[in-house]
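The structure appears below as structure tokens.
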Amino acid sequence: MWPIQAFTRIPIFFTDLLSFYSEDYGKSFHDVSHTINNTFIKKDFGISAGPGNPQQVILTANLPFTESPGGVIFTSMDAGVTFRSVQLPFHPAQAIQFHYQDPKYLVVISIDVSKDGLWLSEDFGNSWSEVHEGVHTRGELILRRTQDVGKNFTTIAKNIFSFGYIGGFLFTSVMEKLGSPRIIYVSSDQGDHFRKAQLPSATTEQFYSVLDGDEDMIFMHVDNPGDTYFGTIYTSDDRGILYSKSLERHLFGGEGKSDFTNVTSLRGVYLTNILEEDGRIRSVITFDRGGRWRFLKKPENVNCPETSKKCSLHIHGEHSHFSGITPMLPLSEPTAIGLVIAHGSVGDSISAARPDVYVSGDGGYTWWGTLRGPHHYSILDSGGLIVAVEAHRDRQISSIKFSTDEGQCWKVFNFTDHPIFLAGLASEPGTKTMNISIFGYRPDDDDQPMWVAVTIDFEHLLTRECGEEDYVQWLAHSDYDSDPETDGCLLGYKETFRRLKKLSACRNGRGYVVSRQQRPCPCTREDYMCEYGFYRHENTSECLLQPDFLNQTQDICLNGELEDLQNTGYRKIPGDKCEEGVRPPRREDVFKKLCGNDISPTSANSHTKRSVSGPFLMTIITHYTVAKKQSKITYHVCYNITIINTVCLTSMSKSDVFLKINMNFVHKSISTFKIIHKEKHGC
Numbered sequence: 001m002w003p004i005q006a007f008t009r010i011p012i013f014f015t016d017l018l019s020f021y022s023e024d025y026g027k028s029f030h031d032v033s034h035t036i037n038n039t040f041i042k043k044d045f046g047i048s049a050g051p052g053n054p055q056q057v058i059l060t061a062n063l064p065f066t067e068s069p070g071g072v073i074f075t076s077m078d079a080g081v082t083f084r085s086v087q088l089p090f091h092p093a094q095a096i097q098f099h100y101q102d103p104k105y106l107v108v109i110s111i112d113v114s115k116d117g118l119w120l121s122e123d124f125g126n127s128w129s130e131v132h133e134g135v136h137t138r139g140e141l142i143l144r145r146t147q148d149v150g151k152n153f154t155t156i157a158k159n160i161f162s163f164g165y166i167g168g169f170l171f172t173s174v175m176e177k178l179g180s181p182r183i184i185y186v187s188s189d190q191g192d193h194f195r196k197a198q199l200p201s202a203t204t205e206q207f208y209s210v211l212d213g214d215e216d217m218i219f220m221h222v223d224n225p226g227d228t229y230f231g232t233i234y235t236s237d238d239r240g241i242l243y244s245k246s247l248e249r250h251l252f253g254g255e256g257k258s259d260f261t262n263v264t265s266l267r268g269v270y271l272t273n274i275l276e277e278d279g280r281i282r283s284v285i286t287f288d289r290g291g292r293w294r295f296l297k298k299p300e301n302v303n304c305p306e307t308s309k310k311c312s313l314h315i316h317g318e319h320s321h322f323s324g325i326t327p328m329l330p331l332s333e334p335t336a337i338g339l340v341i342a343h344g345s346v347g348d349s350i351s352a353a354r355p356d357v358y359v360s361g362d363g364g365y366t367w368w369g370t371l372r373g374p375h376h377y378s379i380l381d382s383g384g385l386i387v388a389v390e391a392h393r394d395r396q397i398s399s400i401k402f403s404t405d406e407g408q409c410w411k412v413f414n415f416t417d418h419p420i421f422l423a424g425l426a427s428e429p430g431t432k433t434m435n436i437s438i439f440g441y442r443p444d445d446d447d448q449p450m451w452v453a454v455t456i457d458f459e460h461l462l463t464r465e466c467g468e469e470d471y472v473q474w475l476a477h478s479d480y481d482s483d484p485e486t487d488g489c490l491l492g493y494k495e496t497f498r499r500l501k502k503l504s505a506c507r508n509g510r511g512y513v514v515s516r517q518q519r520p521c522p523c524t525r526e527d528y529m530c531e532y533g534f535y536r537h538e539n540t541s542e543c544l545l546q547p548d549f550l551n552q553t554q555d556i557c558l559n560g561e562l563e564d565l566q567n568t569g570y571r572k573i574p575g576d577k578c579e580e581g582v583r584p585p586r587r588e589d590v591f592k593k594l595c596g597n598d599i600s601p602t603s604a605n606s607h608t609k610r611s612v613s614g615p616f617l618m619t620i621i622t623h624y625t626v627a628k629k630q631s632k633i634t635y636h637v638c639y640n641i642t643i644i645n646t647v648c649l650t651s652m653s654k655s656d657v658f659l660k661i662n663m664n665f666v667h668k669s670i671s672t673f674k675i676i677h678k679e680k681h682g683c
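Under the UniProt record's numbering, the residue at position 144 of the sequence shown is numbered 144, and the numbers go up by one with no gaps.
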């Protein structure tokens, strides 16, 4: 069974052999299997959609490697109504990548033994040419760049272990000498110049991992030595060169899974988990892009276990999702201001028992226990509607829950008389839709799975368009008790949003646009983070010199010239726009170092000016070779919605009976995560 791939207005649905598309948000489907010759599609990277243009779709056929001279793709310019078959002269090793500005340019790496190269198409996949041989992604490599669509390549770095590109920064992990620790070099001009990042080096037993980034700063995880399953998060300056310690003992578990989560519904908010010295895992949150981390507040309607001493809310992330503890990751959307939905538990540490669902309407400052047990959930109508379906591996479901007040009250709708085993939910990206598709299967008479897709249109429930009286002005990051001049200030300015009232049962609609007003704030200590070589003292805003930096000079070499740093121990958080106000006191400490050339000694850049006229392609080249490496389906459409139950959750203590829909909820005792395996991943 394939999951639904939802593009704008047109979800594409795949079983093992059948393909369908819909033009009415999944209310009806058309079988288009014949347009791709009833071909199997790859499950790991079989579907690619054009950036900014969901009408452009590419399917990659799943063909035996040894039985065909090359792979086959199917291209569509009308979101799957029609497809064009293209025989490739190579076998793709990964998903086909679109150029972000001109999607007719495509690039992909091949896996063929004799043709392991970089392939380029300039006509949306109709024809292909190999622009470079010997392309790899990890090992003792050479980094090369083309600025004229593959006609010419320039070597920009050597002895590269791996590389990555995020937020306008190009990172390379470099082993300067054979057997020496790896270090990070950074370029902010697409490889014209590289500078050594001021980060701890990594041995062969350690790794770097870029967690998140934009044009202002980078979050970087540096693994601790040994099999510790944790490391340290550092945040960069706006050049990606100077890094400050942000969070210690950051959990980075087995299989390369990190729980680091960007809460996209509110500026500056990130969630993650730390591994305490006693082996417990606890959740922390930052509201100022890593300047300060704190534990999550316990929801008011949830009681702590009697034995709890440090009770707080703990959120399950990618590690739990990978381990099968939760069916979904934390969910937030930029168009649903302040709204966060996540699985979690309350206590001294995160629990491996059956998790519950929690909701925050203010970006993570406060939380509400909202649903018992694991669920699949989705945000619709720009946050005006939340839907959820119970997740069971051994039990069929027939109902969906929905809320119009950010999860405080839920109504239940029975969408079928014939229960199904749930496979997942799908909706149009962007949260503006009122339609949700539920897909799964039920056993047929011959014990073969019969796949079922149900689409519910909530416009038939929320028929009233919202008016001005349904909205309220909401000041983000406000605690309501602080000085009015600084209340709501974050990263130098306040933001006031126009938000839907929780008690307004109406429809935002597709035309809804997030409305915000911004006002500058005076600078305070909260607008500064600790400088490179300093750390924030526990429970204070004071930055102290790290003990291992005493009697040492700072290794800061920029532009190959003498640097004279009058270090205050503080620097303004990248992207902070505060004006006047507090300025950290100047220190007398002056760090000096005679700097040689801080450009990587392995660099081979000609330093020619960068052309931006053509597509920009990056690849890694080496001289080593690459190792090789039937169902039935029916559809049901539900239009008329009948409410069968309403539940408003005011308490989530362990003794509560939450909701009975042909079942009782059973809660396991609190237990602590045990990480039993770890592999090294990242840069």
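We put the CB at the ideal spot given by N, CA and C, even for glycine.
Cβ-based burial, residue i [other Cβ within 10 Å; buried from 16]
i: residue 227; result: exposed
i: residue 513; result: exposed
i: residue 100; result: exposed
i: residue 515; result: exposed
i: residue 606; result: Note that residue 606 scores a pLDDT of 38, beneath 50, so its modelled location is shaky and nothing firm can be said.
i: residue 147; result: buried
i: residue 526; result: buried
i: residue 50; result: buried
Residue interval of the alpha helix (DSSP H) (run including residue i)
i: residue 318; result: 318-322
Residue of the options minimising C-alpha distance to residue i
i: residue 410; options: 417, 401, 416 and 418; result: 401
i: residue 510; options: 336, 285, 158 and 257; result: 336
i: residue 453; options: 498, 250, 430 and 398; result: 398
i: residue 261; options: 305, 162, 499 and 319; result: 319
i: residue 459; options: 404, 34 and 490; result: 404
i: residue 93; options: 118, 77 and 69; result: 118
i: residue 276; options: 297, 143, 270 and 310; result: 310
i: residue 451; options: 462, 478 and 423; result: 423
i: residue 31; options: 286, 54 and 81; result: 81
i: residue 685; options: 420, 327 and 304; result: In this structure the chain extends from 1 to 683, so residue 685 is not present and cannot be described.
i: residue 252; options: 264, 230, 128 and 467; result: 230
i: residue 203; options: 43, 181 and 224; result: 181
i: residue 299; options: 344, 267 and 487; result: 344
i: residue 360; options: 28, 443, 274 and 265; result: 265
i: residue 406; options: 387, 413, 419 and 153; result: 387
i: residue 63; options: 534, 482 and 88; result: 88
i: residue 172; options: 154, 151, 208 and 149; result: 208
i: residue 524; options: 53, 105 and 483; result: 483
i: residue 364; options: 416, 575, 285 and 390; result: 285
i: residue 440; options: 486, 416, 463 and 342; result: 416
i: residue 156; options: 166, 168 and 174; result: 174
Nearest-angstrom Cα separation, counted from residue j out to residue i
i: residue 522; j: residue 246; result: 23 Å
i: residue 528; j: residue 291; result: 7 Å
i: residue 198; j: residue 492; result: 26 Å
i: residue 161; j: residue 530; result: 30 Å
i: residue 218; j: residue 200; result: 15 Å
i: residue 546; j: residue 577; result: 28 Å
i: residue 433; j: residue 427; result: 7 Å
i: residue 176; j: residue 144; result: 17 Å
i: residue 657; j: residue 393; result: Confidence is the limiting factor: at residue 657 the pLDDT is only 25, short of 50, which leaves the residue's position unreliable, though a coordinate-based value still follows. Near 22 Å, if we compare the C-alpha coordinates of residue 393 and residue 657.
i: residue 58; j: residue 76; result: 6 Å
i: residue 355; j: residue 461; result: 30 Å
i: residue 263; j: residue 340; result: 7 Å
i: residue 120; j: residue 437; result: 36 Å
i: residue 73; j: residue 412; result: 43 Å
i: residue 490; j: residue 270; result: 14 Å
i: residue 686; j: residue 212; result: An answer regarding residue 686 cannot be provided, because it is not within the stretch 1 to 683 covered by the chain.
Enclosing beta strand (DSSP E) for residue i [first to last residue]
i: residue 400; result: 399-403
i: residue 396; result: No beta strand (DSSP E) contains residue 396, which DSSP labels as neither H nor E.
i: residue 232; result: 230-236
i: residue 87; result: 84-87
i: residue 390; result: 385-390
i: residue 494; result: 493-500
Contact belief for residue i with residue j at Cβ below 8 Å, rounded distance in angstroms
i: residue 134; j: residue 116; result: 6 Å
i: residue 232; j: residue 289; result: Contact doesn't hold; Cβ gap of about 16 Å is too wide.
i: residue 488; j: residue 475; result: 4 Å
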